[in-house]
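Participant: Residue numbers (the working numbering): 215 to 748.
Quick reminder that beta carbons are idealized off the backbone N, C-alpha and C, glycines included.
Quick one: the structure is below, and I'll ask about it shortly.
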Amino acid sequence: METVDLDIKLFENHAQVDSTLKMVRQIAGDLVLFGEELELIAITMNGKPLTAEDYQQQAGTLTIANAPDEVVLEIQVRICPQTNTALEGFYMAGSGDETMFVTQCEPEGFRKITFYPDRPDVLAIFTTRLEADKRYPTLLANGNLVEAGEVADAPDRHYAIWHDPTNKPSYLFACVVADLDVLTDSYTTSEGHEVLLEIYAKSADIDKCDVGMQALKDSMKWDEVNYGRAYDLDRYMIVAVSQFNMGAMENKGLNIFNTACVLSSPETTTDSRSFSVKAIIAHEYFHNWTGNRITCRDWFQLCLKEGFTVYRDQSFSADQQSSAVQRIDDVATLRAHQFAEDAGPLAHPVRPESFVEINNFYTTTVYEKGAEIVRMIANTLGAENFRKGTDEYFRRYDGQAVTVEDFLSALSITDSKIESFIDWYRQPGTPMVSGHQYYDHAAQTLTITLSQQTRHVSGFAAPKPLPIPVATALFDKDTGDIVAERMLLLDQATQTFTCENIAREPVVSLLRDFSAPVQLNEIIKMRFGIFAQT
Ligand code: SER
Ligand code: ZN
């Protein structure tokens, strides 16, 4: 797909969507477009109207056999946002005075707007014209505003044209037709680019947008400092919507948020809720690089964008407040929800290998365990090498749709063992770590033996040992000083680690900062070394 021109006209009880798709053949075979709940009015290919013999329409697809290598498809469909209750595609949110129309296209909602190769690896440049009654003064779509005005011969109607210069998959398309107020601000990026920032909400809510605006500016700065990533468009818009399925959505330049995840006021919002608003603003902003500019080759790679982005928003939050409190909160959530998922009938790998409905995989395993894998890699590499790896990831894959393997390959430029973390993406179940320790007075050594075991989840291959970074510190019993600190990498079923020159029996602290998403059993203190016993 090279370019997509959309013209969406919203009427009282339906919408008409005209699309012009400019496509060039990449591989041999039929041209397959996805489409659901669309009424096809007309379709032409390279200027010639197609009749029902020229294409095949089946449940969910429209197939054109023998398409030329370069085609311009012009498709007109009718959709009905007013009766779309799936909160997916283009739908009506709210009623009466509060009626507004918004989109949710991740993962496969765009096919409810028009026929399209609705897959995340199909990237295109979108231009969107929106037309509606003037009752809805707010007309927004991705990118930069090119033009707005009155509709000739229809005094009650107006339009706006938006152009997004970045190549993007259809799941990042968004548009909004509403009557909203806006809080504006601006931010100058590290590259000297001035960006207009806007948060749109119902007028009654506009005074609850300041926390979100500050969080947005803090996130923009944080990503420049910590990952060298600056924002790329002239505008960044956030829209608060009361009927929204997900928490929020990172549509390119036009985030759509559930009001619960963006509105915050000191009078009515608790501190913890306000922290979570900031974290979600940061999460969606960080997706601009991890998700949007580098996207997923297919939906199996959902954890690629979500795991990394959750790790980034957790790190941002840790920098904004007490990092220990943040870590305790994140681990408490992981253990309460993800561990339970991994221990029950819904256990699945961070990267599933098959799905019937990808919507069912927006899980704590994909998000939170996915973030823990990135954290383990970051801790194993150390800050400097992790940054080298992420710089390499952005350098290599900007503008592409990639896989978890690509991610690991970039991160492993300073250390090839990082590639072995792929097994964490493949294997369900929470590993259990147990072991024993023995202090040998005569030799002045401490020996720590650790074993790992993961339950066999039915339907998956027999579990194998994973690389488990166990952050370890030895403390002096009396002074509390740290005598030694090591990152032990447990990557066998059982492994023994020896610390030498330990003058006195220390207090051992394992899995510090919860360095891996595992259950740690009590480590048994041996009075005699096992080797001495035999
Ligand atoms: N992609 C969205 C998000 O995680 C879906 O909730 O931000
Ligand atoms: Zn996300």
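1. Report the option in 649, 267, 402 whose CA atom is closest to the CA atom of residue 734.
2. Alpha carbon to alpha carbon, what distance is there between residue 628 and residue 525?
3. Quick one: is residue 241 buried, meaning 16 or more other Cβ sit within 10 Å of its Cβ, or exposed?
4. Anyone know if the C-beta pair for residue 431 and residue 411 falls short of 9 Å?
5. Could you check if residue 528 is buried or exposed, using at least 16 other CB atoms within 10 Å of its CB as the buried criterion?
6. Determine the burial state of residue 351: buried for a count of at least 16 other Cβ atoms within 10 Å of its Cβ, exposed for fewer.
7. Tell me, please, which residues DSSP counts as bridged to residue 699.
8. By the DSSP assignment, the beta strand (DSSP E) with residue 451 in it spans what residues?
9. Is it right to say residue 479 is buried, meaning 16 or more other beta carbons lie within 10 angstroms of its own, or is it exposed?
10. Apply the 10 Å Cβ neighbour rule to residue 507 and answer buried if 16 or more other Cβ atoms are within range, or exposed otherwise.
11. Is the number of C-beta pairs between the stretch 287-307 and the stretch 247-261 that are closer than 8 Å three or more?
12. Under 8 Å, with one C-beta from each stretch per pair, do the stretch 564-572 and the stretch 694-704 reach the 3-pair mark?
13. Should residue 657 be labelled buried (16 or more other beta-carbon atoms within 10 Å of its own) or exposed?
14. With distances taken between CB atoms, is the gap from residue 370 to residue 341 smaller than 9 Å?
15. Are the stretch 229-245 and the stretch 319-336 touching, with three or more C-beta to C-beta distances below 8 Å?
16. Report the CB separation of residue 409 from residue 445 in whole angstroms; it is logged as a contact under 8 Å.
17. Quick check on DSSP: helix, strand or coil for residue 389?
18. CB-CB under 6 Å to residue 646, same chain, minus the five flanking residues each way: which ones, in chain order?
19. Pull up the distance between the alpha-carbon of residue 300 and that of residue 226, whole angstroms please.
20. Using the C-alpha atoms, what's the distance from residue 308 back to residue 632?
21. Using a Cβ-Cβ cutoff of less than 6 Å, which residues in the same chain neighbour residue 599 once the five nearest sequence positions on both sides are dropped?
22. Sorted by chain position, which residues of the same chain lie with C-beta nearer than 7 Å to residue 456's C-beta, five sequence neighbours on each side aside?
23. With 16 other CB atoms within 10 Å as the buried threshold, where does residue 222 fall?
24. Restricting to Cα atoms, I'd like to know which of 320, 388, 323, 403 is closest to residue 353.
25. From the DSSP secondary-structure annotation, give me the bridge partner or partners of residue 786.
26. So, is residue 738 buried or exposed, given that buried needs 16 or more other C-beta atoms within 10 angstroms?
27. Mind checking whether the beta-carbon of residue 429 lies closer than 8 Å to any heavy atom of the ligand SER?
28. Would you mind working out which of 590, 547, 339 sits nearest residue 683, comparing C-alpha positions?
29. Residue 493: beta carbon under 8 Å from a heavy atom of the ligand PLP?
30. To the nearest whole angstrom, what separates the beta carbons of residue 318 and residue 460, a pair I think is in contact under 8 Å?
31. Since residue 168 sits in a beta bridge, which residues does DSSP pair it with?
32. Distance check for residue 277 and residue 322, CA to CA, integer angstroms please.
33. Using CA coordinates, which residue listed in 588, 709, 577, 558 is at the minimum distance from residue 671?
34. Secondary structure at residue 251, three-state DSSP: helix, strand or coil?
35. Which same chain residues end up closer than 6 Å to residue 730 when comparing Cβ atoms and leaving out the 5 residues on each side of it in sequence?
Facilitator: Here's the rundown:
1. 649
2. 20 Å
3. exposed
4. Yes, the pair counts as a contact, with Cβ atoms nearer than the cut-off.
5. Around the beta carbon of residue 528, 16 or more other beta carbons sit within 10 angstroms, so the residue counts as buried.
6. Here residue 351 is exposed: its Cβ has fewer than 16 other Cβ atoms, across all protein chains shown, within 10 Å.
7. Answer by DSSP bridge pairing, in chain order: 687.
8. 449-455
9. exposed
10. buried
11. Verdict: yes, contact present.
12. no
13. exposed
14. Between residue 370 and residue 341, the C-beta gap is not smaller than 9 Å, which leaves the two residues out of contact.
15. Short answer: they touch.
16. 5 Å
17. strand
18. 667, 733
19. 19 Å
20. 48 Å
21. 628
22. Around residue 456: 307, 308, 473.
23. buried
24. Of 320, 388, 323, 403, the smallest CA-CA separation from residue 353 is found for 388.
25. Residue 786 falls outside the range modelled here, since the chain spans only 215 to 748, and no answer is possible.
26. Around the beta-carbon of residue 738, fewer than 16 other beta-carbon atoms lie within 10 Å, marking it exposed.
27. In terms of side-chain proximity, the C-beta atom of residue 429 is found no nearer than 8 Å to any non-hydrogen atom of the ligand SER.
28. 590
29. Absence of the ligand PLP is noted for the structure shown, with the ligand SER and the ligand ZN being the only ligands found.
30. 7 Å
31. Any property of residue 168 remains undetermined from this structure, which presents the chain solely from 215 to 748.
32. The straight-line gap from Cα to Cα measures roughly 18 Å.
33. 558
34. coil
35. 590, 682, 683
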